[in-house]
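Q: Can you read through this structure? Questions will come right after.
Residue numbers (the numbering used here): 8 to 78.
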């Protein structure tokens with residue numbers, strides 16, 4: 008929908024790298040993912056769908072965390 012499958016995969020990969028690096032807090036990791044998305048989408052779209060994007064990042068973070076814990 009708003010976030011393409013390709014962008015979701017890129018964000019999830021970014022989060023996995025950040026989780027494995029363990030140099031940033033959880034909030035910092037989510038903010039980096041938000042900044043990554045914000046760079047790639049139009050500003051008006053990010054402004055309108057801010058809550059949706061942040062919820063999607065939370066979901067992707069949990070998926071990334073689960074995949075790292077399974078490795």
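Positions of the beta carbon are idealized from the N, C-alpha and C atoms, including for glycine. Treat the numbers as computed from the prediction; the structure is a model and nothing was measured.
With C-beta atoms as the reference, is residue 75 less than 8 angstroms away from residue 26?
A: Yes, the Cβ-Cβ distance between residue 75 and residue 26 is below 8 angstroms.
Q: If distances are taken between C-alpha atoms only, which option among 44, 24, 71, 72 comes closest to residue 59?
A: Answer by Cα proximity: 44.
Q: List in chain order: all unbroken alpha helix (DSSP H) runs of 4+ residues lying wholly within the region 12-51.
A: Entirely contained in the region 12-51, the alpha helix (DSSP H) runs reaching 4 residues are, in chain order, 12-28, 33-47.
Q: If you draw a straight line from the alpha carbon of residue 48 to that of residue 17, how long is it in whole angstroms?
A: Between residue 48 and residue 17, the C-alpha separation is close to 14 angstroms.
Q: Which one of 55, 63, 50 has the shortest CA to CA distance from residue 12?
A: Nearest option by C-alpha distance: 63.
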